[in-house]
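Student: Residue numbering for the sequence shown follows this note's numbering, beginning at 1274 and increasing consecutively.
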Amino acid sequence: MKKAMIVIHGMHCASCASNIERSLKKIPGVRSASVSLIMKKGSVEFDESNSAGVTEDEIRNAVKRAGYEAKSITFS
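#1: Which residues mark the beginning and the end of the alpha helix (DSSP H) in which V1336 is found?
#2: Is the Cβ-Cβ distance between K1314 and I1279 less than 8 Å?
#3: Would I1281 pass as a contact of A1335 if the rule is Cβ separation under 8 Å?
#4: Within the continuous alpha helix (DSSP H) that includes I1293, where are the two ends?
#5: Residue range of the beta strand (DSSP E) that E1342 falls in?
#6: Pull up the distance between the alpha-carbon of F1319 and that of F1348, whole angstroms please.
#7: Starting from the Cα of Y1341, find the closest Cα among V1308, K1276 and V1327 and give me that residue.
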């Protein structure tokens, strides 16, 4: 299992965080996603067995579709 940490700009309320979580969970291969309004960060855990994996572009696009900006993404 791999993990990505995301710094997110533009969130103002708990509903914002929920919208981003839902968008991230729609990415194929994502096992879990959580977003903290207070920390302005999100995390995504995904399955490495997906041959394409989860890419930085997919994460950025999911955050953007929810109406926010992913400032930085770090994989571990």
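Where is the CB? At the ideal position from N, CA and C, for every residue including glycine.
Tutor: According to the structure shown:
#1: E1329 to R1338
#2: yes
#3: no
#4: A1287 to K1298
#5: E1342 to F1348
#6: 11 Å
#7: V1308
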